[in-house]
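Asks: Residue numbers (the numbering used here): 3 to 109. Don't be surprised by glycine CBs; every beta carbon is placed ideally from N, CA and C. Everything numeric in this text was worked out from a predicted model, so none of it was measured. Please find one structure pasted underneath; my questions will follow.
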């Protein structure tokens, strides 16, 4: 995890996404090249939107229950939650500009 992101797990997931502050959850795995490409843009976004957006990372290999419950079939998958409800889903590596556009209606 970076300095600005939080680690999501099967145990704390509901608490993290249940906030009224929008939460972008990155479903990733250590072996996934495109997932690693997302680390920089997500860390930057988390720093720039601190207090307005939470960026969490959930390792799908270590937290399979949550990944399965949200039917995450490919990674990276990024889901934006607000008040515990899925609002937007992005699949595949995205640019920082694409991420900013996806969160713009929530922050």
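Among the candidates 67, 26, 85 and 41, whose CA atom is the shortest distance from the CA of residue 20?
Replies: 85
Asks: Sort 37, 43 and 11 by Cα distance to residue 65 and report the nearest one.
Replies: 11
Asks: Between 104, 18 and 77, which lies nearest to residue 35 when the distance is taken from Cα to Cα?
Replies: 77
Asks: Figure out for me which residue from 26, 95 and 74 has the closest Cα to the Cα of residue 39.
Replies: 95
Asks: At which residues does the alpha helix (DSSP H) containing residue 65 begin and terminate?
Replies: No alpha helix (DSSP H) holds residue 65; DSSP gives it neither H nor E.
Asks: Buried or exposed: residue 54, going by 16 or more other Cβ atoms within 10 Å of its Cβ?
Replies: exposed
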